[in-house]
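Step one of this worksheet: look at the structure below.
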Amino acid sequence: MANEKPKVANEISEGTGQFDARFVLWRRFCDENNIAVETLPSDLTGESKDCWEKLKNEQLHKPAESDE
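Residue numbering for the sequence shown follows this note's numbering, beginning at 11 and increasing consecutively.
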């Protein structure tokens, strides 16, 4: 039993910031691609992994605004 992972609450706190958007995006991606939502992004392989990375980069990584 020493190898058991500690349980993590399945909730989003107000302090998670951008992770809220990532959580919603992940759930949508899983639904659209018939992937169990319990799957971790790091468990994806092949085309599924490529699609997730592309979607994540397009939706979550907005370019920083210039101060100039």
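A virtual CB, placed ideally from N, CA and C, is assigned to each residue, including glycine.
Let's test the definition: count the other Cβ atoms within 10 Å of the Cβ of F39 and tell me whether it reaches 16, buried, or not, exposed.
In the sequence shown, the residue the question calls residue 39 occupies position 29. Result: buried.
I need the boundaries of the alpha helix (DSSP H) containing E57, first residue and last residue.
Walking along the sequence shown from the start, residue 57 turns up at place 47. That run of the alpha helix (DSSP H) goes 56-70.
Tell me which same chain residues have a C-beta within less than 8 Å of the C-beta of L65, skipping the five on either side of it?
As a working note, residue 65 is residue 55 in the sequence shown. So the qualifying residues of the chain are L35, F39.
Excluding the 5 residues preceding and the 5 following N43 in the sequence, name in chain order all residues of the same chain whose CB lies nearer than 8 Å to its CB.
Within the sequence shown, the letter at position 33 stands for residue 43. Excluding residues within five positions, the ones whose Cβ falls inside 8 Å are S58, C61.
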